[in-house]
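The listed protein sequences derive, respectively, from chains A and B.
Position one of the first sequence corresponds to residue 252 (the working numbering), numbered consecutively onward.
Position one of the second sequence corresponds to residue 307 (the working numbering), numbered consecutively onward.
Cβ coordinates follow ideal geometry from the N, Cα and C atoms, glycine included.
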Amino acid sequence: GQNIDQPTEMTATEGAIVQINCTYQTSGFNGLFWYQQHAGEAPTFLSYNVLDGLEEKGRFSSFLSRSKGYSYLLLKELQMKDSASYLCAVRDNYGQNFVFGPGTRLSVLP
Amino acid sequence: DGGITQSPKYLFRKEGQNVTLSCEQNLNHDAMYWYRQDPGQGLRLIYYSQIVNDFQKGDIAEGYSVSREKKESFPLTVTSAQKNPTAFYLCASSTPVTGVGETQYFGPGTRLLVL
Chain A
252 GQNIDQPTEM TATEGAIVQI NCTYQTSGFN GLFWYQQHAG EAPTFLSYNV
302 LDGLEEKGRF SSFLSRSKGY SYLLLKELQM KDSASYLCAV RDNYGQNFVF
352 GPGTRLSVLP
Chain B
307 DGGITQSPKY LFRKEGQNVT LSCEQNLNHD AMYWYRQDPG QGLRLIYYSQ
357 IVNDFQKGDI AEGYSVSREK KESFPLTVTS AQKNPTAFYL CASSTPVTGV
407 GETQYFGPGT RLLVL
């Protein structure tokens, strides 16, 4: 079966660092994607991993371990505008579909 | 500008009524998708299409129908058989897997409400 798990909610302070974890069990793997979604809006693409290791894009980094079925999104120097839901998704074996986790709602406090 | 458009932004459905949500893309993507999102939840796949004139059911296809007559367009009809249609509907598109990691691109969404 397909299963992707993320924490439901997280809270952090402005200027801090937060790590959002994602574990997955899917029928195949063709990449893991992170999206940001503000309330009432569409998801926007943040980061992508297909090989093990860390990908860095400015304040955002994403890590992947395929053997452990594990990824995390690291957000540095948190800003109030980072308050949003963060969705983890895996592209399946045949590249046909993206399987989404439930999302993690991050609240950044002053 | 390339992108995905969805219309309308808000849609109201009466009991027993079918409604159609529009999705158009000019990104020249082969694959298109429809997702449903309920408050505080993740995205659930309704239907997807990898190529014109072909589409497949997703996890929650009951009460919905689609067509893919043109590469650019993938309309979703919410039929009267869908008893709980109130949700946020998102359309997305992507290219096939190339090994380079093509993501999905999302439209702005349509919020459907039942009167």
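Pair within 8 Å by beta-carbon distance, Y395 of chain B and G415 of chain B: yes
Extent of the continuous beta strand (DSSP E) run through S298 of chain A: T295 to N300
Option nearest S316 of chain A by Cα separation, candidates A:K332, A:N272 and A:S334: A:N272
8 Å Cβ cutoff, G354 of chain A in contact with chain B: yes
D303 of chain A - DSSP class collapsed to helix/strand/coil: coil
Neighbour list for G413 of chain B in chain A, Cβ cutoff strictly below 7 Å: A293
Whole-angstrom distance between M331 of chain A and S399 of chain B, CA atom to CA atom: 30 Å
Status (buried if at least 16 other CB within 10 Å, exposed otherwise) for Y353 of chain B: buried
Cβ contact (3+ pairs, closer than 8 Å) linking the stretch 371–389 of chain B and the stretch 347–362 of chain B: yes
Extent of the continuous beta strand (DSSP E) run through S399 of chain B: A393 to S400
Boundaries (first-last residue) of the beta strand (DSSP E) holding V358 of chain B: Note, V358 of chain B: premise wrong, no beta strand (DSSP E); not H, not E.
Contacts of N348 of chain A in chain B (Cβ-Cβ under 7 Å): L351 and Y354
Residue range of the unbroken beta strand (DSSP E) whose run includes D256 of chain A: N254 to D256
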